[in-house]
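All remarks here apply to the structure that follows.
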Amino acid sequence: MIEEEAEPEPRGSTKIIGITGGIGSGKSTVSKLIEEAGYPVYYSDIRAKNIVNDNQQLQQKIKELLGENSYDEDGFYDRKYVADLVFKNDDLLLKLNSLIHPAVKLDFKNWVPQQTTPFVFKETALLFELKLNKNCYKSLLVTADDNCRLKRVMDRDDKTYREVETIMLKQMPEKDKVKLADFIIFNNDGLEELEEETKRILAEIVSL
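Quick note: the sequence shown uses my numbering, first residue 1, plus one each step.
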């Protein structure tokens, strides 16, 4: 839901690899495996969660847009309340993202120069939807069969089939993402297979 807009990424000598995947694909697991291998990963949604809590000016703008209840009694961003408001209201979602985009974009630009590896990875759910892949050196898609993704999310988030299906239908079809990706990891099997495939793809990327 919270994503940065498609604007030029920091360049220089550091090569940025975009990591993406639909809900239940396993992109977060792959990102963690890459991080464990010694490469920095910028988790867009996690960083955005911190920004909406830490940036007081942004907090005020969000409250003006969505009301005081967008933050709980302890002053923390209420993701469930906000999600309920914007999930079926594309105009409201667009306005919310237009508030958050500049802060996330600046955060990423400040993050890249702090890294010391020749490759950094940026995990973002809407890499292709927002055309952020055009500003990355390469893109990595983590994907899986729809039924596999459905079951994972139902088990993980205790959601119904219909709830997960509704989320998936709002996302770009996997077949379209496959056509756009430079590298693809198919995550239909177990963790051991995913670890091996991630290791293989990572070796290909860093050899470029």
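The C-beta atom is built at its ideal place from N, Cα and C for all residues, glycine as well.
These numbers were taken from a predicted model, which means no experiment stands behind them.
Check residue i in the structure and name its three-state DSSP category.
| i | result |
| --- | --- |
| S44 | helix |
| F108 | helix |
| L202 | helix |
| E7 | Here the model assigns E7 a pLDDT of 48, short of 50, so the residue's position is not dependable, and the following value carries that caveat. E7: coil per DSSP, three-state reduction. |
| Q171 | coil |
| C148 | helix |
| A83 | helix |
| N53 | helix |
Per the DSSP calculation, residue i is bridged to which residue(s)?
| i | result |
| --- | --- |
| T20 | L141 |
| Y77 | Y71 |
| K15 | F119 |
| I100 | DSSP, once it has assigned bridges, lists no residue as partnering I100. |
| I184 | L141 |
For residue i, which option in the options has the closest C-alpha, if you only look at C-alpha atoms?
| i | options | result |
| --- | --- | --- |
| L126 | S13, I19 and T14 | I19 |
| S13 | K159, V164 and Y137 | Y137 |
| V206 | C148, F121 and L130 | F121 |
| N50 | N89, V104 and E73 | V104 |
| D145 | P118, N188, K134 and D107 | N188 |
| N147 | M168, K32, Q60 and N133 | M168 |
| G216 | T117, N55 and A48 | Nothing about residue 216 can be reported from this structure: the residues present for the chain run from 1 to 208 only. |
| N55 | P102, P113, L202 and D157 | P102 |
Would a C-beta distance cut-off of 7 Å place residue i and residue j closer than the cut-off?
| i | j | result |
| --- | --- | --- |
| T143 | E192 | no |
| I17 | F128 | no |
| N97 | Y81 | no |
| K141 | I184 | Inspection of the sequence shows that residue 141 is occupied by Leu rather than by Lys. Yes; because the gap between Cβ atoms is below 7 Å, this pair is in contact. |
| S66 | L85 | For clarity, residue 66 is Leu in the given sequence; the question names Ser instead. Yes. |
| F108 | Y42 | yes |
| L202 | I34 | yes |
| M172 | V164 | no |
| K61 | L92 | no |
With 16 other CB atoms within 10 Å as the buried threshold, where does residue i fall?
| i | result |
| --- | --- |
| A181 | buried |
| V30 | buried |
| E123 | buried |
| V52 | buried |
| R200 | exposed |
| K27 | buried |
| R149 | buried |
| N133 | buried |
| K177 | buried |
| Q57 | exposed |
Say whether chain B places a C-beta atom closer than 7 Å to the C-beta of residue i.
| i | result |
| --- | --- |
| D90 | The structure shown contains no chain B, having only a single protein chain. |
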